[in-house]
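Colleague: Each number in our numbering corresponds to the 1-based position in the sequence shown with 53 added.
Think of the CB as a built atom: it goes at the ideal place given N, C-alpha and C, for glycine as much as any other residue.
One structure, pasted below without further comment.
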Amino acid sequence: MKKLFFFFSFLYTITTLTFPPLTTSAATSCRTLCGNIPINYPFGIDGGCGSPQFKGMFNCSTDLFFTTPSGSYKVQSIDYEKKTMVIFDPAMSTCSILQPHHDFKMADIQNALIRPSYDTVFALFNCSNDSPVHNRYRNLCFNAAGHSCDELYSSCTSFRIFNTTSPSGNSTIHTTPYCCFTSYDTVRVMSMNILDCSHYTTVIDNGKMRGVAPLDWSYGIELSFSVPEIGCDRCRKSGGTCGFDAETEIFLCQCSGSNNNPTRECGGGMTNQGGCNSININYTTILLVMFMSFLYTVL
54 MKKLFFFFSF
64 LYTITTLTFP
74 PLTTSAATSC
84 RTLCGNIPIN
94 YPFGIDGGCG
104 SPQFKGMFNC
114 STDLFFTTPS
124 GSYKVQSIDY
134 EKKTMVIFDP
144 AMSTCSILQP
154 HHDFKMADIQ
164 NALIRPSYDT
174 VFALFNCSND
184 SPVHNRYRNL
194 CFNAAGHSCD
204 ELYSSCTSFR
214 IFNTTSPSGN
224 STIHTTPYCC
234 FTSYDTVRVM
244 SMNILDCSHY
254 TTVIDNGKMR
264 GVAPLDWSYG
274 IELSFSVPEI
284 GCDRCRKSGG
294 TCGFDAETEI
304 FLCQCSGSNN
314 NPTRECGGGM
324 TNQGGCNSIN
334 INYTTILLVM
344 FMSFLYTVL
């Protein structure tokens with residue numbers, strides 16, 4: 054009786070290991086639109102969709118938002134061909150609105166995968182005389198497309214509050230606090246407290262700033278992203294949607310219709326090519342040999 058019990062227990066184990074259930078924790082469907090923004094690989098707004106490297110960076114309500122440690126930012130556009138995305142920081146100052154002190158921060162993985170492009174210019178305002186960018190790190194400041202950020206003090210309603218006047222003999226001198234056009238790397242390394250500047254705004258210098266007044270600049274943050282190449286083109290060409298297993302984060306090609314077993318591609322999969330749900334023939338043969346040996350022993 055014990056031998057028979059061990060026989061059926063071993064048979065169940067072999068069957069389970071050799072023919073695993075065709076289930077997966079990947080998403081069954083992936084939304085391809087949030088508001089008017091298309092959602093394509095490597096991005097995803099549903100579990101198991103897109104690339105796992107971007108997991109948790111986006112959320113979709115009525116609009117698409119990009120989330121960083123410093124807040125959520127509305128996505129204005131995504132250009133998948135140029136691999137750029139434009140977001141807007143609702144807490145930053147603009148030419149018409151003066152906002153309180155605020156920092157823009159990204160996670161380390163975001164700095165590596167989807168950081169602000171070199172076309173994104175950070176303008177720091179109301180900097181003190183002790184500010185690092187006014188002293189030791191003054192070389193971090195530059196003119197953007199021939200503009201000095203002092204123009205913003207005179208052109209923008211929200212920044213005119215920083216203008217001061219003082220009498221000088223028979224005339225009046227107008228002065229403004231120090232300001233600085235700089236790159237994202239400056240604000241990434243030094244917080245607004247360290248920079249000792251009270252406000253900032255961001256402008257996208259995409260070749261259209263020269264000769265244009267600040268009121269007509271393109272305000273926002275352009276991000277450049279990289280696309281991990283792990284076989285997504287092959288999956289898409291076969292009619293599938295690129296995603297990943299939510300538990301293992303292994304790439305899966307999600308297929309519609311009757312072929313709903315995610316592998317590397319749709320229309321046949323990779324049953325003997327080492328795909329995500331493939332059965333390794335050598336492994337099965339070894340188990341069958343073990344089973345026959347065990348059967349010979351107990352019977």
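1) Among residues of its own chain, excluding the 5 on either side of V242, which ones have a beta-carbon nearer than 6 Å to its beta-carbon?
2) Among Y231, P91, R189 and L117, whose alpha-carbon lies nearest the alpha-carbon of L205?
3) Thinking C-alpha only, which one of A144, C288, N259 and I283 is nearest T173?
4) If you draw a straight line from the alpha carbon of M110 to that of T120, how long is it in whole angstroms?
5) Within a Cβ cutoff of 8 Å, which residues of the same chain sit near S208, ignoring the five residues on either side of it in sequence?
6) Measure the alpha-carbon distance for K290 versus C306 and round it to whole angstroms.
7) Consult DSSP for Q106 and reduce its assignment to one of helix, strand or coil.
8) Taking only the alpha-carbon atoms, compute the straight-line gap between E282 and D183 and give it to the nearest angstrom.
9) Please name the residue, chosen from K108, G103, H200 and S114, that lies closest to G88 on a Cα-to-Cα basis.
10) Label G293 either buried or exposed according to how many other C-beta atoms from any shown protein chain fall within 10 Å of its C-beta, with 16 as the threshold for buried.
11) Counting only runs of 4+ residues fully inside the segment 260-318, write out the alpha helix (DSSP H) ranges in chain order.
12) Going by DSSP in three states, F58 sits in which element: helix, strand or coil?
13) What do you reckon, are the CB atoms on C319 and F304 nearer than 9 Å?
14) Just tell me which of F234, Y237, V240 and R213 has its CA closest to the CA of T228.
15) In whole angstroms, what is the alpha-carbon distance linking M245 and K136?
16) Of the choices H154, N216 and V240, whose alpha-carbon is the least far from that of P18?
17) Please specify which runs of the alpha helix (DSSP H), each continuous and at least 4 residues long, are wholly inside the segment 165-209, giving them in chain order.
18) For H252, which beta-bridge partners are listed by DSSP?
19) How should A79 be labelled, buried or exposed, when 16 other C-beta atoms within 10 angstroms of its C-beta is the threshold for buried?
20) Mind checking who L86 pairs with in its DSSP beta bridge?
21) Would you check if the distance between the CB atom of A198 and the CB atom of R263 is smaller than 9 Å?
22) Quick check on the DSSP output: the alpha helix (DSSP H) that includes Y237 runs from which residue to which?
23) Roughly how many whole angstroms lie between the Cα atoms of Q163 and S125?
Modeller: Looking at the coordinates:
1) The residue given as residue 242 occupies position 189 in the sequence shown. Correct list: empty, nothing qualifies.
2) Your numbering for residue 205 matches position 152 in the sequence shown. Ranking Y231, P91, R189 and L117 by Cα distance to L205 puts Y231 first.
3) Here residue 173 refers to the residue found at position 120 when the sequence shown is read from its first residue. Per the Cα distances, N259.
4) As a position in the sequence shown, residue 110 is number 57, starting the count at 1. As a position in the sequence shown, residue 120 is number 67, starting the count at 1. When rounded, the distance between both Cα atoms is 5 Å.
5) Numbered from 1 along the sequence shown, position 155 holds the residue referred to as residue 208. So the qualifying residues of the chain are C148, A266, P267 and L268.
6) In the sequence shown, counting from the first residue as 1, residue 290 sits at position 237. In the sequence shown, counting from the first residue as 1, residue 306 sits at position 253. One C-alpha to the other measures close to 11 Å.
7) Your numbering for residue 106 matches position 53 in the sequence shown. Here Q106 sits in helix by DSSP.
8) Within the sequence shown, numbered from 1, the residue matching residue 282 stands at position 229. Within the sequence shown, numbered from 1, the residue matching residue 183 stands at position 130. Computed Cα separation, rounded: 47 Å.
9) The sequence position of residue 88 within the sequence shown is 35, counting from 1. That would be S114, whose Cα lies nearest to the Cα of G88.
10) Translated into the one-based positions of the sequence shown, residue 293 becomes position 240. Counting every other CB atom within 10 Å of its CB across the protein chains shown gives G293 a total of 16 or more, marking it as buried.
11) Runs of the alpha helix (DSSP H) lying entirely within the segment 260-318 and spanning at least 4 residues, in chain order: 285-290.
12) For the purposes of this step, residue 58 is taken as residue 5 along the sequence shown, with counting starting at 1. Unreliable positioning characterises F58 in this predicted model, as indicated by a pLDDT of 44, which lies under 50. The coordinate reading is nonetheless provided below. Helix, per DSSP.
13) In the sequence shown, residue 319 corresponds to position 266, counting from 1. In the sequence shown, residue 304 corresponds to position 251, counting from 1. No, these two residues do not count as a Cβ contact at 9 Å.
14) One-based indexing of the sequence shown puts residue 228 at position 175. Of the residues F234, Y237, V240 and R213, the one whose Cα lies closest to the Cα of T228 is R213.
15) Here residue 245 corresponds to residue number 192 of the sequence shown, with the count starting at 1. Here residue 136 corresponds to residue number 83 of the sequence shown, with the count starting at 1. Those two C-alpha atoms are separated by around 29 Å.
16) Not covered by the structure: residue 18. The range shown for the chain is 54 to 352.
17) Within the segment 165-209, the complete alpha helix (DSSP H) runs of at least 4 residues are 203-208.
18) Here the question's residue 252 lines up with position 199 in the sequence shown. As DSSP reads the structure, H252 sits in a beta bridge with F178.
19) Against the sequence shown, residue 79 aligns to sequence position 26. Confidence at A79 is low in this model, with a pLDDT of 45, below 50, so the placement of that residue is unreliable and no value is reported for it.
20) In the sequence shown, residue 86 corresponds to position 33, counting from 1. DSSP, once it has assigned bridges, lists P91 as partnering L86.
21) The residue labelled residue 198 in the question sits at position 145 within the sequence shown. The residue labelled residue 263 in the question sits at position 210 within the sequence shown. Judged by beta-carbon spacing, R263 lies within the 9 Å limit of A198, meaning their Cβ atoms are closer than that value.
22) Numbered from its first residue, the sequence shown carries residue 237 at position 184. For Y237, the enclosing alpha helix (DSSP H) stretches over residues Y237 to V242.
23) Here residue 163 refers to the residue found at position 110 of the sequence shown. Here residue 125 refers to the residue found at position 72 of the sequence shown. Between Q163 and S125, the C-alpha separation is close to 14 Å.
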